[in-house]
Amino acid sequence: MRLLLEISLYFSQFCVVLAMLFCMLRLLKGPTAQDRVLALDTIWMCAMLFALLLGISFASLVYFEWAMLIALTGFVSSVALAKFLMRGEIIE
Amino acid sequence: MMQIPADIPAWLAITVALLLICGSLITLVGTLGLLRLPHFYQRIHGPAITITFGAGCFLLASMLYFTALQERPVIHELLITAFIMLTAPVTAMLLMRTAVYRDLRNGRRIADMTTEPQPVTGHCATAGATSPGLMEEPRDRNPE
């Protein structure tokens, strides 16, 4: 049973990293600026999922705070970038 | 390397493994949609599934695992769930408004697609195929 959980954890880590790679390709390729912002937002989300996976692997609740911080920072940065693209300035 | 207890009960291992595999596959599908779909207004739907179902599966797995491991209810993850549920629609709405504003500012008239005089067949696919501009890849006129 321990082996099953270990294999599934490795598999999920591989999948999340592959997802980040896909987002990175879109970030590099994306024809418009909003595509790049969307890809960056998804990369933040995948990083949060990866922190949760690390927390399960090492059986420690410290990684939970990482995940919370990553989610918070990702939201703020995405909103700031979207606002900047929309108006040309962040705080009017 | 991984610190998983050796005497982990079978039901817990199977449930957590299923949730993890399900969540990671959903995450992969969502980002594949972000990579492969042809238009921005279609691409923005890809990560939505990652944020809701993928993150939901991972958070549920984490909650279950730590609750069973520490033999007390560990529901910190509900905080992240609530935060994501609050912030993901805000981000998506702002990005969508940004895309619409920039498309209008760059001269790509989205309204033209619906007001253009054309034979009303009432079918979405044929209307999209005959009207130029909407389905093709947009390009930025102002470099960022």
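As given, the protein sequences belong to chains A and B, one line each in that order.
Residues in the first sequence are numbered consecutively from 756, following my numbering.
Residues in the second sequence are numbered consecutively from 319, following my numbering.
Don't be surprised by glycine CBs; every beta carbon is placed ideally from N, CA and C.
By the Cβ neighbour-count rule, residue 411 of chain B is exposed, with fewer than 16 other Cβ atoms within 10 Å of its own. In the three-state reduction of the DSSP assignment, residue 370 of chain B falls in the helix class. Ranked by Cα distance from residue 322 of chain B, the options A/812, A/817, A/771 and A/818 are led by A/812. In this chain, the alpha helix (DSSP H) harbouring residue 395 of chain B covers 395 to 423. Shown here, residue 785 of chain A sits in coil according to DSSP, grouped into three states, outside any helix or strand. DSSP, reduced to helix, strand and coil, places residue 326 of chain B outside both helices and strands of the structure shown, so it counts as coil. Look at residue 768 of chain A here: in three-state DSSP terms it is helix. For residue 349 of chain B, the nearest beta carbon of chain A is closer than 8 Å to its own beta carbon. If you check each beta-carbon in the region 397 to 415 of chain B against every beta-carbon of chain A, the ones closer than 8 Å belong to 397, 398, 401, 402, 405, 408, 409, 412, 413 and 415. For the pair of segments examined, the region 399 to 408 of chain B was found not to touch the region 777 to 785 of chain A: the number of CB pairs separated by less than 8 Å stays below three.
Residue 388 of chain B carries a helical assignment under DSSP once its states are collapsed to helix, strand and coil. The beta carbon of residue 348 of chain B sits closer than 7 Å to the beta carbons of 364, 365, 367, 368 and 372 from its chain, once the five residues preceding and following it are set aside; these are given in chain order.
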